[in-house]
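Heads up: the structure comes next, in structure tokens.
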Amino acid sequence: MLYQLVVFLHVACVLGYLLAHGVSAAVSFAIKKERDIARIRALLDLSAASYPLMMNLMWAFLLFGIIATIQGGWWKMGWVWVSLALGLVIFILMGIFGGRAFGMIRIAAGLPYHVMGKPFPAQPAKSDEEIYAAIAKVNPWLLLIIGYGGFAVIAWLMTAKPF
Numbered sequence: 002m003l004y005q006l007v008v009f010l011h012v013a014c015v016l017g018y019l020l021a022h023g024v025s026a027a028v029s030f031a032i033k034k035e036r037d038i039a040r041i042r043a044l045l046d047l048s049a050a051s052y053p054l055m056m057n058l059m060w061a062f063l064l065f066g067i068i069a070t071i072q073g074g075w076w077k078m079g080w081v082w083v084s085l086a087l088g089l090v091i092f093i094l095m096g097i098f099g100g101r102a103f104g105m106i107r108i109a110a111g112l113p114y115h116v117m118g119k120p121f122p123a124q125p126a127k128s129d130e131e132i133y134a135a136i137a138k139v140n141p142w143l144l145l146i147i148g149y150g151g152f153a154v155i156a157w158l159m160t161a162k163p164f
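Here the sequence shown is numbered in this note's numbering, starting from 2 and rising by one per residue.
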């Protein structure tokens, strides 16, 4: 019974994480079309506002997943380790291709930003052209493939338990 509760909490936290992260995913597509600088700043602030909840839910689903793995005796199975490794790869790639790119847009737009989790105050906004150039470097389709594709593979590993 406790195992089922922990698995439920793991899945519920994953769903919450995906919901919270959906804000940033939607922003990554919307910002590519936006030319109003005030709206660009608002989109960036919306994405940043969802980040703390997203990260807390990520740590929660990881914790509940580890507890479920221990309770279920799954540690000796290869799919668990591949899932954890793939999750780490997704986290790193999203930081490289998403976090850095959006950090550069935030800097260009004159908004507070983070580097490796450390907060920095806003700098004077750059020209509109520099903001658009920073936005042009974001590839929302690549982020979608990394995130959705990676999570789809992890979901398959956890349901099929192939090895």
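Backbone N, C-alpha and C define an ideal beta-carbon position, used for all residues, glycine too.
Identity of the residue in the options nearest residue i by Cα
i    : options                   : result
Y52  : G150, I146, H115 and A109 : H115
R40  : G88, Y133 and G118        : Y133
G150 : E130, P113, P125 and M95  : M95
Euclidean distance between Cα positions of residue i and residue j
i    : j    : result
I67  : L54  : 20 Å
V81  : F121 : 37 Å
M2   : H11  : 14 Å
A109 : L45  : 12 Å
With 16 other Cβ atoms within 10 Å as the buried cut-off, status of residue i
i    : result
V90  : exposed
T70  : buried
I146 : exposed
F9   : exposed
A21  : buried
The region 136-144 contacting the region 98-105, beta-carbon criterion three pairs below 8 Å
Segments in contact, yes.
Of all the alpha helix (DSSP H) runs that stay within the bounds of the region 2-49, which reach a length of 4 or more residues? Complete alpha helix (DSSP H) runs here, min 4: 3-34.
Inside the region 106-159 only - beta strand (DSSP E) runs reaching at least 3 residues | 114-116 and 119-121
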